[in-house]
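To start, the structure itself, in structure tokens.
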């Protein structure tokens, strides 16, 4: 999909696999960006599923984030998964937990300092308690 929409900038659309978010700073810009994306898809004979194409949304949930005109924030459902995660009982569970937490690191001040003791437990010669 990135290849198909390659000529459009990240200011027009965001692409991840087969998910596309079309953005714009104004309604007119948004319409122009929609036209641009639809034209590119038409040229490559790709089809859309109308039921999966909500248009003119002020806020969307995308890859575990909520995106709106105010910016990007974490999806509360994903954060509750972190809060309610059972204590890891082995290194693999700890690595899974750290993977989830690391995905949201930009929202946590001093994340690397906070997570360092947990990362240390994943080292090969470190005994997991």
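In UniProt numbering, the protein residues as written are 1 to 129. Glycine is no exception: its CB is placed at the ideal position from the N, C-alpha and C atoms.
- Fewer than three beta-carbon pairs drawn from the segment 41-49 and the segment 69-86 are found closer than 8 Å, and the two stretches are therefore not classed as touching.
- With the rule of 3 Cβ pairs closer than 8 Å, the segment 115-124 counts as touching the segment 91-101.
- In the DSSP assignment, residue 90 falls outside any beta strand (DSSP E), carrying neither H nor E.
- DSSP links residue 71 through a beta bridge to 68.
- Excluding residues up to 5 positions away in sequence, nothing lies with its Cβ nearer than 7 Å to the Cβ of residue 106 in the same chain.
- Between residue 52 and residue 127, the alpha-carbon positions lie close to 48 Å from each other.
- Sorting 90, 18, 113 and 110 by C-alpha distance to the C-alpha of residue 123 places 90 at the top.
- In this structure, DSSP gives residue 18 a state outside helix and strand, which the three-state scheme calls coil.
- For residue 60, the enclosing beta strand (DSSP E) starts and ends at 59-62.
- Annotation for residue 49: no alpha helix (DSSP H) segment contains it, and DSSP assigns it neither H nor E.
- If you compare the alpha carbons of 11, 101 and 61 with that of residue 29, the shortest gap goes to 11.
- Cβ contact annotation for residue 58 (same chain, cutoff 8 Å, sequence separation greater than five): 68 and 69, in chain order.
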